[in-house]
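As given, the protein sequences belong to chains A and B, one line each in that order. Using my numbering, you'd call the opening residue of the first sequence number 1 and step up by one each time. Using my numbering, you'd call the opening residue of the second sequence number 1001 and step up by one each time. This report refers to the structure that appears directly beneath it.
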Amino acid sequence: MSKSKPQKLTAYGTISAPESVEDSVHSTQLLRDKHVPVLEIFWTFLIIGATSFGGGVVAYLRSYLVQRKEWLDEEQFFAALEISQALPGLNATNMAVIVGDRLRGPVGAIAGFLGMCIPGATLVFILGIVYASNAHNANINAALKGVGAASVGLLSAVTLQIGHKQMEHLLDISIVVITIYLVSFLKVSLVVVLLTVGPIAIFLYRPRPSQEIVAGNRGTDRRPAD
Amino acid sequence: MHQGSIFSVLGVFSLLSILAVGGGTAVLPEMKKEAVVDHQWMNQTEFRDAYSIGQIAPGPNMMMVILIGYKVAGIPGGLVAFGAFFFPCALIAWGTSRIWDHFERNPWRLSVQRGMAPMVVGLMIAGIIAIGRTAIIGFETIVLAVVVFAALYFGGKRANPALLILGGAIAGWVFMR
């Protein structure tokens, strides 16, 4: 058994791949054996969904699932996060579904998903109705203008923290720049970008004999150049 | 005003859901194009306001889809937009996590991760550009964005994102009326 190495976890979590979990099939079964009540899954994700402000949901998830509830250990957490990040959708809901499913099957997945979404969705509905009936209120418009500008700063900081690893190698930088150029300036549709840039990028990082050794060396997030 | 029907809300957000590789920010440019240009459900300012309201709410940060649906078709529209955007990807996550272990040893898994990571960063930056084009309007907004960026990027864990968003609302109310 190997202990997971400490991950660099910013306030927004990490995009770095965790080490592979050798006994994940086995450990998934162990999660079922914990017999966590469905209502507790719902309640826990409801609290996470109600308190994770400002896009820091991964840090909140880790705090609750690993530290307070001890449903997952670090490796299981990062294995679930790895799946969440590789798939479409938001980390928050993907994690709720995956962890809920591993704890209690489909019912647990639904409980986690609903718990995660209900607080934010309810608040947005209320705020939306208030906004719609005050669409020309100068105070509200000014406050939202401020939130929009602050959000741009927040998103930039989050993206740079997540993406700084992609800013070091020429191939990575090229993929980043080409993607931005296609989406933001040529206005190429997202489907086309995903279906062209995606496969090409994956092909450029295709498995090579030398890489497999690195991968087999438990350094899944290490590229050969490191 | 409301040219879109509830079915086009369903269609647009279901598609965005399965395209949301790299999370919500990555689909912002496409969402803006669909909502503002193609279907003309709302104007640029309303899109920015929807995004801002979504930022105020806790939990998954793309609750703004509810506001777009609400604009098109009231509360049913909001519910449809929510379900369409959040449910398909949740179903994919559920199904894939169950078969994921079979790919544990596949060397291509590493290639997928390595290749997708820079594309996702590119999509996220494109998302910031899409929001920035409507949210960065004038000197005050630039200053505010830079201050929040600096506080988060250099302040590390001491900087609370939620308080900075709240601070943005107050700064907007004081300086941008």
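Glycine residues also receive a C-beta, built at the ideal position from the N, C-alpha and C atoms.
Task: Option nearest Phe1139 of chain B by Cα separation, candidates B:Ala1162, B:Pro1107, B:Gly1172 - done: Counting from 1 along the second sequence, the entry for residue 1139 of chain B is found at position 139. Of the listed residues, the one whose Cα sits closest to Phe1139 of chain B is B:Gly1172.
Open item on the list: DSSP has Val1021 of chain B in a bridge; who is on the other side?
Closed with: Residue numbering aside, residue 1021 of chain B sits at position 21 when the second sequence is read from its first letter. Answer is A:Pro88.
Task: Cutoff 8 Å: Pro37 of chain A Cβ touching any chain B Cβ - done: Numbered from its first residue, the first sequence carries residue 37 of chain A at position 37. For Pro37 of chain A, no CB of chain B lies under 8 Å from its own CB, so it is not counted at the interface with that chain.
TODO: Kindly indicate which residue of B:Ala1162, B:Val1174, B:Leu1015, B:Ala1159 has the alpha-carbon position closest to the one of Phe1086 of chain B.
DONE: The residue you call residue 1086 of chain B lines up with position 86 of the second sequence. The shortest Cα separation from Phe1086 of chain B among B:Ala1162, B:Val1174, B:Leu1015, B:Ala1159 belongs to B:Leu1015.
TODO: Over the uninterrupted alpha helix (DSSP H) stretch that includes Asp172 of chain A, give me the two end residues.
DONE: Here residue 172 of chain A refers to the residue found at position 172 when the first sequence is read from its first residue. 170-180 is the span of the alpha helix (DSSP H), which, as asked, contains Asp172 of chain A.
- [ ] For Glu22 of chain A, I'd like the list of residues in its chain whose CB is within less than 6 Å of its CB, leaving aside the five on either flank, ordered along the chain.
- [x] The residue given as residue 22 of chain A occupies position 22 in the first sequence. The predicted position of Glu22 of chain A is uncertain, since its pLDDT is 45 and thus under 50; a value taken from the coordinates is nonetheless stated next. Setting aside the 5 residues that flank it on each side, Glu22 of chain A has no residue in the same chain whose C-beta is closer than 6 Å to its C-beta.
Task: Residues near Val1036 of chain B by beta carbon distance below 7 Å, same chain, minus five either side - done: The count along the second sequence starts at 1 and reaches residue 1036 of chain B at position 36. Correct list, in chain order: Met1042, Asn1043, Gln1044, Phe1047.
TODO: Please report how far the alpha carbon of Leu39 of chain A lies from the alpha carbon of Ala111 of chain A, in whole angstroms.
DONE: Within the first sequence, residue 39 of chain A is the residue found at index 39, counting from 1. Within the first sequence, residue 111 of chain A is the residue found at index 111, counting from 1. Counting only the Cα atoms, Ala111 of chain A lies some 7 Å from Leu39 of chain A.
TODO: Can you grab the Cα-Cα spacing for the pair Ala1135 of chain B / Pro209 of chain A, in whole Å?
DONE: As a first step, residue 1135 of chain B is located in the second sequence; it is residue number 135 there, counting from the start. As a first step, residue 209 of chain A is located in the first sequence; it is residue number 209 there, counting from the start. Inter-residue distance for Ala1135 of chain B and Pro209 of chain A is about 48 Å (C-alpha atoms, whole angstroms).
TODO: Verify the CB distance criterion: does Gly1172 of chain B have a CB-CB separation below 8 Å to chain A?
DONE: Against the second sequence, residue 1172 of chain B aligns to sequence position 172. Yes, because at least one Cβ of chain A sits closer than 8 Å to the Cβ of Gly1172 of chain B.
TODO: Give the residues from the segment 1073-1094 of chain B that approach chain A closer than 7 Å (Cβ to any Cβ), ordered along the chain.
DONE: Flagged, chain order: Gly1078, Phe1082, Phe1086, Cys1089, Ala1090, Ile1092, Ala1093, Trp1094.
TODO: Output, in chain order, the set of chain B residues within a Cβ distance shorter than 8 Å of Ile41 of chain A.
DONE: Taking the first residue of the first sequence as 1, we reach residue 41 of chain A at position 41. Near Ile41 of chain A there are no residues of chain B at all, since even the closest Cβ is about 14 Å away, more than 8 Å.
- [ ] Tell me whether Ile1125 of chain B sits in a helix, a strand or coil according to DSSP, three-state version.
- [x] Along the second sequence, read from residue 1 onward, the residue named residue 1125 of chain B stands at position 125. Helix, per DSSP.
Task: Reference Gly1160 of chain B, options A:Leu160, A:Ala150, A:Gly163, closest by Cα - done: Here the question's residue 1160 of chain B lines up with position 160 in the second sequence. Position check: residue 1160 of chain B holds Asn in this sequence, whereas Gly was assumed. Of A:Leu160, A:Ala150, A:Gly163, the residue nearest in Cα terms is A:Ala150.
Open item on the list: Measuring alpha carbon to alpha carbon, tell me which residue in B:Asp1101, B:Asn1061, B:Ile1128 is nearest Ser156 of chain A.
Closed with: The residue you call residue 156 of chain A lines up with position 156 of the first sequence. Cα-wise, what sits closest to Ser156 of chain A is B:Ile1128.
Open item on the list: Is Leu195 of chain A close to the ligand ATP? I mean its beta-carbon at under 7 Å from any heavy atom of the ligand.
Closed with: The ligand ATP is not part of this structure, which contains no ligands at all.
TODO: Count the other CB atoms, across all protein chains shown, that sit within 10 Å of the CB of Gly1156 of chain B; report buried if there are 16 or more and exposed otherwise.
DONE: Start at 1 with the first residue of the second sequence, and residue 1156 of chain B comes out as number 156. By the C-beta density criterion, Gly1156 of chain B is exposed, having fewer than 16 other C-beta atoms within 10 angstroms.
- [ ] Could you check which residue in B:Val1174, B:Ala1130, B:Leu1164, B:Asn1106 has the C-alpha nearest to that of Ala138 of chain A?
- [x] For the purposes of this step, residue 138 of chain A is taken as the residue at position 138 of the first sequence. It is B:Val1174 whose Cα lies nearest to the Cα of Ala138 of chain A.
Task: Proximal residues to Ile98 of chain A (C-beta, below 7 Å), its chain only, five neighbours per side dropped - done: Against the first sequence, residue 98 of chain A aligns to sequence position 98. Result list for Ile98 of chain A: Ala80, Ile83, Ser84, in chain order.
TODO: Report the rounded CA-to-CA distance for Lys1071 of chain B versus Cys117 of chain A, giving the unit in angstroms.
DONE: For the purposes of this step, residue 1071 of chain B is taken as the residue at position 71 of the second sequence. For the purposes of this step, residue 117 of chain A is taken as the residue at position 117 of the first sequence. Those two C-alpha atoms are separated by around 20 Å.
- [ ] Report the rounded CA-to-CA distance for Gly1115 of chain B versus Leu90 of chain A, giving the unit in angstroms.
- [x] Here residue 1115 of chain B refers to the residue found at position 115 when the second sequence is read from its first residue. Here residue 90 of chain A refers to the residue found at position 90 when the first sequence is read from its first residue. Their backbone Cα atoms lie some 19 Å apart in a straight line.
TODO: Just tell me which of B:Phe1007, B:Val1009, B:Ser1005, B:Gly1054 has its CA closest to the CA of Gly1024 of chain B.
DONE: Counting from one through the second sequence, the residue named residue 1024 of chain B turns up at place 24. Of the candidates B:Phe1007, B:Val1009, B:Ser1005, B:Gly1054, B:Gly1054 places its Cα closest to the Cα of Gly1024 of chain B.
Open item on the list: Helix, strand or coil for Glu70 of chain A? Go by DSSP, reduced to three states.
Closed with: In the first sequence, counting from the first residue as 1, residue 70 of chain A sits at position 70. In the structure shown, Glu70 of chain A sits in coil (DSSP, three-state: anything other than H, G, I, E or B).
TODO: Measure the Cβ-Cβ separation of Ile162 of chain A and Met1119 of chain B and say whether it is below 8 Å.
DONE: Working through the first sequence from its first residue, we reach residue 162 of chain A at position 162. Working through the second sequence from its first residue, we reach residue 1119 of chain B at position 119. Cβ atoms of Ile162 of chain A and Met1119 of chain B: not closer than 8 Å.
Task: Buried/exposed call for Phe53 of chain A, threshold 16 Cβ in 10 Å - done: Residue numbering aside, residue 53 of chain A sits at position 53 when the first sequence is read from its first letter. Sixteen is the threshold: when 16 or more other Cβ atoms of the shown chains lie within 10 Å of the Cβ of Phe53 of chain A, as they do, the residue is buried.
TODO: Please confirm if Ser24 of chain A has its CB atom under 8 Å from at least one CB of chain B.
DONE: By one-based count along the first sequence, residue 24 of chain A stands at place 24. At Ser24 of chain A the pLDDT is 49, less than 50, meaning the model places this residue with poor confidence; the figure from the coordinates comes in the next sentence. Chain B contact via Cβ: present.
Open item on the list: Can you confirm whether Phe1013 of chain B, when its beta carbon is compared against all beta carbons of chain A, has any partner nearer than 8 Å?
Closed with: As a first step, residue 1013 of chain B must be located in the second sequence, where it is residue number 13. False, the Cβ-Cβ gap to chain A never drops below 8 Å.
Open item on the list: What are the residues in the segment 145-161 of chain A lying within 9 Å of chain B by C-beta distance?
Closed with: Result list: Lys145, Gly146, Val147, Gly148, Ala149, Ala150, Ser151, Val152, Gly153, Leu154, Leu155, Ser156, Ala157, Val158, Thr159, Leu160, Gln161.
Task: Own chain partners of Val1080 of chain B with C-beta closer than 6 Å, once the 5 adjacent residues on each side are dropped - done: Taking the first residue of the second sequence as 1, we reach residue 1080 of chain B at position 80. The residues are Ile1006, Val1009, Leu1010, Gly1069.
Open item on the list: Relative to the C-alpha of Met1063 of chain B, which candidate in A:Phe125, A:Trp43, A:Leu170 has its C-alpha closest?
Closed with: As a position in the second sequence, residue 1063 of chain B is number 63, starting the count at 1. When each option's Cα is compared against that of Met1063 of chain B, the closest is A:Phe125.
- [ ] Measure how close the beta-carbons of Ala143 of chain A and Ala1020 of chain B come, nearest whole angstrom, since I'm counting them as under 8 Å.
- [x] As a first step, residue 143 of chain A must be located in the first sequence, where it is residue number 143. As a first step, residue 1020 of chain B must be located in the second sequence, where it is residue number 20. The Cβ separation is near 28 Å, so there is no contact.
- [ ] Please name the residue in A:Asp101, A:Leu87, A:Met95 whose C-alpha comes closest to that of Lys34 of chain A.
- [x] Taking the first residue of the first sequence as 1, we reach residue 34 of chain A at position 34. For the residues A:Asp101, A:Leu87, A:Met95, the minimum Cα distance to Lys34 of chain A belongs to A:Asp101.
- [ ] Starting from Lys53 of chain A, follow the alpha helix (DSSP H) in both directions and report where the run begins and ends.
- [x] For the purposes of this step, residue 53 of chain A is taken as the residue at position 53 of the first sequence. Strictly speaking, residue 53 of chain A in this sequence is Phe, with Lys absent from that position. Counting along the chain, Phe53 of chain A falls outside any alpha helix (DSSP H), and DSSP gives it neither H nor E.
TODO: Find the nearest neighbour of Ala109 of chain A within the set A:Trp43, A:Arg206, A:Asn134, judged by alpha-carbon distance.
DONE: Along the first sequence, one-based indexing puts residue 109 of chain A at 109. Closest by alpha carbon: A:Trp43.
Open item on the list: If I measure Cβ to Cβ from Thr93 of chain A and keep anything under 8 Å in the same chain, skipping five residues before and after, which residues do I get?
Closed with: Residue 93 of chain A sits at position 93 when you count from the first residue of the first sequence. For Thr93 of chain A, the CB contacts under 8 Å within the same chain, skipping 5 residues up- and downstream, are Phe113, Met116, Cys117 in chain order.
- [ ] Report yes if the C-beta distance between Tyr1051 of chain B and Gly148 of chain A is below 8 Å; otherwise report no.
- [x] Residue 1051 of chain B sits at position 51 when you count from the first residue of the second sequence. Residue 148 of chain A sits at position 148 when you count from the first residue of the first sequence. Going by C-beta atoms, Tyr1051 of chain B is nearer than 8 Å to Gly148 of chain A.
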